[in-house]
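Step one of this worksheet: look at the structure below.
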Amino acid sequence: SRLLVEKIFGHLPPGAVNLLLGDGPTVGDALVRHPQADLLVFVGSEPTGRHLGGICGQHLKKAVLELGGKDALIVDETVDIPTAARYAAEAAFSNAGQICTSIERLYVARKIFPEFLAALTAQARAIRVGNGMDAATQMGPLADRGQLERVSRQVQEAVDAGATLHHGGAPLAGPGFFYPPTVLTQVDPICSLMTEETFGPVAPCIPFDDFEEAIDQANASHFGLASMVMTSSAPRALRAIHGLRAGMVKINTMRGKAPGGSSEPVRGSGLGYGYGMEFFNEITTQKSVYWRAVLG
Numbered sequence: 098s099r100l101l102v103e104k105i106f107g108h109l110p111p112g113a114v115n116l117l118l119g120d121g122p123t124v125g126d127a128l129v130r131h132p133q134a135d136l137l138v139f140v141g142s143e144p145t146g147r148h149l150g151g152i153c154g155q156h157l158k159k160a161v162l163e164l165g166g167k168d169a170l171i172v173d174e175t176v177d178i179p180t181a182a183r184y185a186a187e188a189a190f191s192n193a194g195q196i197c198t199s200i201e202r203l204y205v206a207r208k209i210f211p212e213f214l215a216a217l218t219a220q221a222r223a224i225r226v227g228n229g230m231d232a233a234t235q236m237g238p239l240a241d242r243g244q245l246e247r248v249s250r251q252v253q254e255a256v257d258a259g260a261t262l263h264h265g266g267a268p269l270a271g272p273g274f275f276y277p278p279t280v281l282t283q284v285d286p287i288c289s290l291m292t293e294e295t296f297g298p299v300a301p302c303i304p305f306d307d308f309e310e311a312i313d314q315a316n317a318s319h320f321g322l323a324s325m326v327m328t329s330s331a332p333r334a335l336r337a338i339h340g341l342r343a344g345m346v347k348i349n350t351m352r353g354k355a356p357g358g359s360s361e362p363v364r365g366s367g368l369g370y371g372y373g374m375e376f377f378n379e380i381t382t383q384k385s386v387y388w389r390a391v392l393g
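If you use our numbering, the sequence shown corresponds to residues 98 to 393, in order.
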């Protein structure tokens, strides 16, 4: 971390950027409570963000928080199924699902559900998991043992509640924290896999009969970071843009960071703008000055 900070910020004056290492309860709380800290910008878990945001509230300090997500993907029957499955696999499994806007819930039109499921499962099976130093590797490990246990627990709870596994579903044998791309169906909507952030390569697939039903299901999470929709229907795309309760809605694309673009998470996903020009407004204050040249 220190070498990376020096590489990126080494040209700035000494003290402009500082790296402080330590555990959260000790270092994080002290920094937020410090009288010279006027603003908190935090990216992390919802429980930690709520805790630090509470401290900011006590001290009347501003907070910009990007917390958890449970991003949904809606796939309607107008799509090209192989292309949609390829995009869905990349959205759910890139970086082993460890991206803040990874897709963690997939709602698919029942008319194309069997074919889409088969195509997505084939995509999952084709992904080579292994050491990231190997050029042939397509997906690496989870961050640590705790994350591996979290993903394993959520998937196992879903299976115990009646979910069907189509691929994956258990840590890979051997050293490291490797978990395979996992595809499930018949997942209980109230199980932890559907309600908690997973941050792993897991794609629970749920069929829908009506597009409005899909929007309602996508909004059922208490998170609101981002959502994704695949459709060839402009009216449906517009309906999703207006109906989805998320800070970012992506139509037929996984990437949402246009130059200069910005979005604000809603509900349990946070507060404030973390990038774009709006971020400069978050980290600065406007001062009004009224100056008459001569008194009188």
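The beta-carbon is built from N, C-alpha and C at its ideal position, and this holds for glycine as well. Remember, it's a predicted structure, so these values are computed and weren't measured experimentally.
Minimum C-alpha distance to residue i - residue among the options
i	options	result
SER289	PHE275, VAL252, GLY271, HIS264	VAL252
HIS319	ASP126, ALA160, ALA169, GLU103	ALA169
GLY229	ARG222, GLY237, ALA223	GLY237
LEU245	PHE213, GLN235, ALA193	ALA193
ASP126	PRO277, PRO304, GLY146, LEU116	GLY146
GLY273	VAL299, ASP241, LYS384, MET291	ASP241
PHE210	PHE305, ARG202, PRO268	PHE305
VAL77	PRO362, LEU162, VAL205, LYS158	The chain is shown only over 98 to 393; residue 77 falls outside these bounds and no answer can be derived.
PRO298	PHE106, GLY369, GLY266, ASP257	GLY266
Cutoff 7 Å; reference residue i; Cβ partners in own chain excluding five residues on either side
i	result
PRO179	ALA216
ALA343	GLY321, LEU322, ALA323, SER324, VAL363
Span separating the alpha-carbon of residue i from that of residue j
i	j	result
ALA331	ALA337	10 Å
GLU254	THR261	12 Å
PRO111	GLN133	17 Å
VAL140	LEU203	25 Å
THR381	GLN314	38 Å
MET351	VAL391	59 Å
SER199	TYR387	48 Å
LEU116	LYS347	34 Å
Whether residue i touches residue j by CB criterion (7 Å)
i	j	result
VAL226	PHE190	no
ALA113	LEU137	no
VAL326	ILE171	yes
GLY371	GLU143	no
SER385	GLU375	no
Cross-strand partners of residue i (DSSP beta bridge)
i	result
LEU137	ALA160
MET374	MET374 pairs with nothing; no bridge assigned.
LYS347	MET325
Cβ neighbours of residue i in the same chain (closer than 6 Å, five flanking residues each side left out)
i	result
ASN349	MET327
PRO286	none
Close-in-space but distant-in-sequence residues of the same chain around residue i (CB under 8 Å, 5 per side omitted)
i	result
ALA186	LEU217, GLN220, ALA221, ILE224, PRO278, ALA300
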